Amino acid sequence: MFKKVFGKSNVGRSYDLPFDVKTRKFSYYNAKKQGLPTTIDYVRFIEEWAKSTVIVPPRMDTYIAVNMEIQKIFQDFAAPDDIYPYSIDEGFIDLTSSLNYFVPDKSISRKDKLDIISAAIQKKIWRKTGIYSTVGMSNANPLLAKLALDNEAKKTPTMRANWSYEDIEKKVWAIPKMTDFWGIGNRMEKRLHNLSIFSIKELAQANPDLIKKELGIMGLELWFHANGIDESNVHKPYKPKSKGIGNSQVLPRDYVKQRDIEIILREMAEQVAVRLRRAGKKATVVSIHLGYSKVEQKRSIHTQMKIEPTNQTALLTNYVLKLFKTKYTSGAIRNVAVNYSGLVDESFGLISLFDDIEKIEKEERLQSAIDAIRTEFGFTSLLKGNALDQASRTIARSKLIGGHSAGGLDGLK
99 MFKKVFGKSN
109 VGRSYDLPFD
119 VKTRKFSYYN
129 AKKQGLPTTI
139 DYVRFIEEWA
149 KSTVIVPPRM
159 DTYIAVNMEI
169 QKIFQDFAAP
179 DDIYPYSIDE
189 GFIDLTSSLN
199 YFVPDKSISR
209 KDKLDIISAA
219 IQKKIWRKTG
229 IYSTVGMSNA
239 NPLLAKLALD
249 NEAKKTPTMR
259 ANWSYEDIEK
269 KVWAIPKMTD
279 FWGIGNRMEK
289 RLHNLSIFSI
299 KELAQANPDL
309 IKKELGIMGL
319 ELWFHANGID
329 ESNVHKPYKP
339 KSKGIGNSQV
349 LPRDYVKQRD
359 IEIILREMAE
369 QVAVRLRRAG
379 KKATVVSIHL
389 GYSKVEQKRS
399 IHTQMKIEPT
409 NQTALLTNYV
419 LKLFKTKYTS
429 GAIRNVAVNY
439 SGLVDESFGL
449 ISLFDDIEKI
459 EKEERLQSAI
469 DAIRTEFGFT
479 SLLKGNALDQ
489 ASRTIARSKL
499 IGGHSAGGLD
509 GLK
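Residue 99 is where the sequence shown starts when you use our numbering, and the numbers rise one by one after that.
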């Protein structure tokens, strides 16, 4: 209902609403920016809904608790090995071994058995949690089940849909927007358009050799998917290799003072360094991203540098600040990211004749002691003095949960 009323295709931020959050009055600026009408009737319609719209902070602890309850319900219908949590609000279940157990009638087709069990899962989720769930099904593979979920199930009276191989031409190829297809974002859509591919059907019928040449392995995978071919397995889900360890956050306000931005960067450099050591890795590349506030007419900053392998907080922090001071001149900053990549095993190291070995070993022992205390008592058990500064985000972020509130908080746990 929210999306329909306010003309949103997906969830967004409060400043994207067609009304002012404080006054609840219609925002002509936002409406014009989003291509919404500004007629008297529409303005009145939005302002009426604005009065009853409640804006609340996310409650990740509650979401996780409910998710765990739903995972338990899944285990009433399938073995734990047949269940793969995909995200906080989605998961895959392989019901192959459960079909005949729950629906032993041999006269019922496998497709109908799948629908019967899915309906039972929906009913139990609603009874236990009060949540209406949507189910995408397939007697073929996980990809088609996901496409059925995203493109049909959410619009049907039963909130269920089944797509299998026989539905590829009629349903998969008929997906109206390319970005509604799993794996195709705005950037990939533009690249496909450059190849004169403007629909899923055209992608499926394109020359796979050309696709691979222009778009690489990811493009070839999309070609297979457009033809309904998916070799992923719920029991052995694809896990991409980690290219680095990073952390990002959207700041609660515009940060204008260079000193305040440096405090944030110092904190993030340390948090990611903790995660680096926990992973038993050292970094050979340090990169930062700075995104400007909406009020600034500036392109975001992204810069990186190669370094000798290290996972020491002091060194990594210095590299992060060096990148910042080299590229940043002025302007209000609203989002920040720090990333360490080019990872090597922590046993790898380069020692120079001019290095003070005793000093390095002392620093490593100190860092190990700090890490041990934080592992036992929490990240905030040992903090630097600037954590009490108004610009600091360490204490506030330690109370958040997961990337839904702020990205990559492993270092704060």
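Yeah, the Cβ is synthetic: ideal placement off N, Cα and C, and Gly gets one too. These numbers were taken from a predicted model, which means no experiment stands behind them.
Residue i - DSSP class collapsed to helix/strand/coil
i: A381; result: strand
i: A435; result: strand
i: M257; result: coil
i: D210; result: helix
i: L441; result: coil
i: I229; result: coil
i: H333; result: coil
i: D358; result: helix
i: G509; result: Because G509 sits at a pLDDT of 40, beneath the cut-off of 50, its placement in the model cannot be relied upon, and the point is left open.
i: F104; result: helix
i: I162; result: helix
i: D352; result: strand
i: G317; result: helix
i: F200; result: helix
i: P274; result: coil
i: W280; result: coil
i: S216; result: helix
i: D265; result: helix
i: D469; result: helix
i: F172; result: helix
i: G501; result: Only weak support exists for where G501 lies, its pLDDT of 43 falling under 50; the coordinates are left without a value.
i: A177; result: coil
i: K221; result: helix
i: A489; result: coil
i: K457; result: helix
i: K298; result: The amino acid at residue 298 is misidentified as Lys; the sequence shows Ile. I298 falls in the helix class under three-state DSSP.
i: K396; result: coil
i: A341; result: The displayed chain sequence assigns Lys, not Ala, to residue 341. It is coil, neither helix nor strand.
i: K311; result: helix
i: K252; result: helix
Residue nearest to residue i in terms of C-alpha spacing, selected from the options
i: S346; options: I327, D352, D328, L388; result: L388
i: P306; options: D443, K170, N325; result: N325
i: K149; options: K120, Q173, G476; result: K120
i: M366; options: I223, K380, L349; result: L349
i: L197; options: I215, D187, G189, S185; result: I215
i: S231; options: K252, N239, K244, A238; result: K252
i: F143; options: V152, R122, T160; result: R122
i: Q402; options: K396, A377, V383; result: V383
i: L241; options: V354, K380, D328; result: D328
i: G515; options: K311, K310, L320; result: The structure shown does not extend to residue 515, since the chain spans only 99 to 511, so no value can be given for it.
i: T277; options: P135, E267, R289; result: R289
i: A163; options: L212, K211, P178, T227; result: T227
i: V393; options: V418, I431, S439; result: I431
i: S294; options: I309, D187, W280; result: I309
i: A412; options: Q395, S297, L464; result: L464
i: D265; options: I343, N239, M257; result: N239
i: E146; options: V103, A176, R111; result: V103
Limits of the unbroken beta strand (DSSP E) element including residue i
i: I181; result: 181–185
i: P407; result: 399–408
Residues bridged to residue i [DSSP beta-bridge criterion]
i: V372; result: V372 is not bridged to any residue.
i: S346; result: A435
i: E188; result: S185
i: Y390; result: I431
i: G234; result: A259
Where the alpha helix (DSSP H) through residue i begins and ends
i: T194; result: Taken as a continuous stretch (DSSP letters only), T194 belongs to no alpha helix (DSSP H), as it is neither H nor E.
i: K423; result: 411–425
i: L293; result: Careful: L293 lies outside any alpha helix (DSSP H) and carries neither H nor E.
i: N305; result: Per DSSP, N305 belongs to no alpha helix (DSSP H) and is neither H nor E.
i: D248; result: 240–249
4 or more residues per run - each alpha helix (DSSP H) lying fully within the segment 111–158: Here the runs fully enclosed are 126–132, 138–150.
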